[in-house]
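Each residue of the sequence shown is one higher than the one before, starting from 889 at the first, in our numbering.
The beta-carbon is built from N, C-alpha and C at its ideal position, and this holds for glycine as well.
Predicted model only: the values in this text are computed from it and were never measured.
Here is the structure we will look at, set down as structure tokens.
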Amino acid sequence: MSVEASTEHERQPAWWRTDYAIIGYFALFKVVLNGAFITRYGFQRDELYFIACGRHLSFGYVDHTPMVPWMARLTQTLFGESLLALRIPSLVAGALSVILAGLLVREMGGRRWAQAFVCAVMVATPAYLRAHSILHIPTFEMVYWTACFLVLARIVNGGNEKLWLVFGAIAGVGLLNKPTVLFLGTGVAVAIVLTPLRKHLLRPWVYLGGAIALLIFLPNLIWQYNHDWATYRFVKQLNEHTMQRISFLDFMLGQVLYMGPLNAFVWAPGLVFLLFTKRGGTYRALGLICATVYTIMVISKAKVYYLAPVYPALFAGGALAWQAFVADSRWLKRAAFALPVAGLIWTAPLGLPMLDIETAPKAIRTMTGGLVDENTAHEITGDWRDQHGWENLVAEVAKVYESLSAEEQKNCIIITRNYGQAGAIDFFGKQYGLPDALCTFMTYYYWGPGERTGEVGITVGLTRENVALYEEVELAATVTGEHVNRFENNVPIQICRKPTKTVQEAWKTITPQGF
């Protein structure tokens, strides 16, 4: 062995000190951090809905694409129906998002310190802690977007042009998780035109990558066509009734809050680094993508958390900017790590269900110095409140059902006001022998009324005025829930008799709700 080779061998760090090992440590810490609180509360409203959707496997649903219901079905098949089993993919997705961010910085030339820094920031981001606490659509967004950023960075660095095929495949799967990947595609198109990536327009691979993404997404498009573009109608209604209330100031304050106030000292320099510096110019495409997606989100008045999957690229740029700033100063490197560490300590109650549900809003108001009012703090904890009260609700419905005669139970139907109530009855009601719930809200509408004629009906959350199918309506119970959202408190349960028509006949005249 030559002296040079021997010296090089001696310089190689032990495996537990390599770049990959360091990234892995942060990914493991992310799993431990989220895992410590992942069963603090119960099943969340959307999770119960996704479980129900997973029982009705399809390439499309009204208010979401099919990836999460597929994942819910897979996890319950493999691991059972426990809360922890359902949320295993969330822990895996959280770890992958940290790993991919570290690899992105490595691909962009970041040294081990920068890789560790971006991983620490990813772990400390409140929006990501929350995203990986339950199984829902945001759970996987950071994985697909960051994987696309990583492939694009490799292409920018002179990687094989066939990597566009990989990019297209990842984007296509990402579309099956959430259609906002189309915004990423728009940003990529802008970046290609405005950077040296435009040379790829003269070769087939970028087009083939787009074709692969479209091919993967095609089954969902076919479902949309066959269901009169239900998701478009849902988004249109959502935009008209919800998103128009989101002001530009609220959107920007939301970015600072959800991504962590101290993390603004990472992503803001990251955007500047990618767009306006010579050192970051190589990866200007990433900055242009982020700027394009941001512009689309602002114009469309998107919800605050819709922009979350963009930030791994900005954090990567920020890590490189901080790497240049701290240079080889050991004390500056250590001081810089105070940002994610302090950020995690400060904002953990915003991202993790670590406090009592009634204490959390007060903590959030204190954490923000009163900038968040009481109503907004209550809304921020809405996802956590949606993890309470479902078993109690179903138990009360079961008592009403059991009060019916055996003959009445045979053709009894249960009609709910929303998909959370329906999903809870479908999931928890099995132990009581309850029939599956009927609901005209979102995708439940397409599953129809089933075979029961509905000679007797039990309604959940509906008032007498909402029940035109029956002549005789009796209030049987009112369910009060502890720690629940306001609209899930004082829920009326009614027994309905003397139908004017069968539920199958009535269903044909019902207007679906929510889209």
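(message) Quick check on the DSSP output: the alpha helix (DSSP H) that includes C1007 runs from which residue to which?
(response) Its alpha helix (DSSP H) spans residues 1000-1012.
(request) Look at the alpha carbon of A1236 and the alpha carbon of L992, and state the distance between them as a whole number of angstroms. (result) Spanning the two alpha carbons is a distance of roughly 25 Å.
(request) Report yes or no: is there a C-beta of chain D within less than 8 Å of the C-beta of Y1332? (result) Checking the listed chains, one finds no chain D in this structure; it contains a single protein chain.
(request) Answer yes if the region 926-945 comes into contact with the region 1019-1031, meaning at least three C-beta pairs across the two stretches below 8 Å, and no otherwise. (result) Yes, since at least three Cβ pairs between the region 1019-1031 and the region 926-945 fall closer than 8 Å, the two stretches touch.
(request) Give the range of the beta strand (DSSP E) segment to which E1343 is assigned. (result) Unbroken run through E1343: none, as it is neither H nor E.
(message) Closer than 8 Å is the cut-off here; do at least three beta carbon pairs connect the region 1196-1203 with the region 1153-1168?
(response) Yes, the region 1196-1203 is in contact with the region 1153-1168.
(request) Starting from P1387, follow its DSSP beta bridges and name the residues at the other end. (result) Residue pairing by DSSP places P1387 opposite Y1358 in a beta bridge.
(request) State the start and end residues of the unbroken alpha helix (DSSP H) segment that holds C1406. (result) Given a span of 889 to 1403 for the chain in the structure shown, any question on residue 1406 remains unanswerable.
(message) What would DSSP say about A1404, mapped onto helix, strand or coil?
(response) Since the first residue shown for the chain is 889 and the last is 1403, residue 1404 is missing from the structure and cannot be characterised.
(request) Check A893 in the structure and name its three-state DSSP category. (result) Note that A893 scores 42 on pLDDT, short of 50, meaning its location in the model is unreliable and no value can be drawn from it.
(request) Leaving aside the five residues before and after G1333 along the sequence, list all residues of the same chain whose C-beta is less than 6 Å from its C-beta, in chain order. (result) Looking at the sequence provided, one finds Tyr at residue 1333 rather than Gly. P1400.
(message) Per DSSP, what are the beta-bridge partners of A1420 in this structure?
(response) This structure does not reach residue 1420, given that the chain is present from 889 up to 1403, and the question cannot be answered.
(message) Taking the alpha helix (DSSP H) that Y1032 belongs to, which residues open and close that run?
(response) According to the DSSP assignment, Y1032 belongs to the alpha helix (DSSP H) that extends over 1026-1044.
(message) Can you tell me whether F1316 is buried or exposed? The criterion is at least 16 other CB atoms within 10 Å of its CB, across all chains shown.
(response) By the 10 Å Cβ count, F1316 comes out buried.
(request) Could you work out which residue in F947, A1012, L936, C941 is closest to R975 when comparing CA atoms only? (result) Answer by Cα proximity: L936.
(request) May I have the straight-line CA-CA distance separating Q1275 from L1017, to the nearest angstrom? (result) If you take the alpha carbons of Q1275 and L1017, they lie about 16 Å apart.
(request) Would you please state the rounded distance, in angstroms, between the beta carbons of C1327 and T1351? I believe it to be under 8 Å. (result) Not a contact, Cβ separation roughly 16 Å.
(message) Within 8 Å, do at least three Cβ pairs link the region 1171-1183 to the region 1078-1093?
(response) They touch, by the three-pair rule.
(request) Report buried or exposed for S985, applying the criterion of at least 16 other Cβ atoms within 10 angstroms of its Cβ. (result) By the Cβ-count criterion, S985 is buried, with 16 or more other Cβ atoms from all chains shown falling within 10 Å of its own Cβ.
(message) Assuming the contact rule is C-beta atoms closer than 8 Å, Q1382 and T1341 should be a hit. Round their C-beta distance to whole Å, please.
(response) Between T1341 and Q1382 the Cβ distance is about 18 Å, and since that is not below 8 Å, they are no contact.
(request) Give a yes or no on contact between the region 1281-1289 and the region 1254-1273, applying the rule of three or more CB pairs nearer than 8 Å. (result) Result no; under three Cβ-Cβ pairs closer than 8 Å.
(message) Using only CA atoms, which one of A1312, V1078, G923, Q1003 lies nearest to T1180?
(response) Looking from the CA of T1180, the closest CA among A1312, V1078, G923, Q1003 belongs to V1078.
(message) Helix, strand or coil for A902? Go by DSSP, reduced to three states.
(response) Three-state result, A902: coil.
(request) Could you name the residues that DSSP lists as bridge partners for Q1401? (result) DSSP output for Q1401 lists F1329 as bridge partner(s).
(request) Could you have a look at I1110 and say whether DSSP puts it in helix, strand or coil? (result) Residue state, collapsed to three classes: helix.
(message) Quick check: the Cα distance between N1306 and G1336, rounded to an integer number of angstroms?
(response) So the alpha carbons of these two residues sit roughly 14 Å apart.
(message) Contact between the region 1215-1227 and the region 1028-1036 is defined here as three or more beta-carbon pairs at a separation below 8 Å; is this criterion met?
(response) The region 1215-1227 vs the region 1028-1036: no contact.
(request) Classify Y908 as buried or exposed, calling it buried when 16 or more other Cβ atoms lie within 10 Å of its own Cβ. (result) Around the Cβ of Y908, a 10 Å sphere holds fewer than 16 other Cβ atoms; the residue is exposed.
(request) Express the C-alpha separation of Y1358 and L1103 in angstroms, rounding to a whole number. (result) So the two alpha carbons sit approximately 47 Å from each other.
(message) Determine whether the beta carbon atoms of F1122 and G1321 lie at a separation below 8 Å.
(response) No, they are not a contact pair.
(message) Measuring straight from C-alpha to C-alpha, what distance separates S894 and V980?
(response) Confidence is the limiting factor: at S894 the pLDDT is only 37, short of 50, which leaves the residue's position unreliable, though a coordinate-based value still follows. Rounded to the nearest whole angstrom, the CA to CA distance from S894 to V980 is 39 Å.
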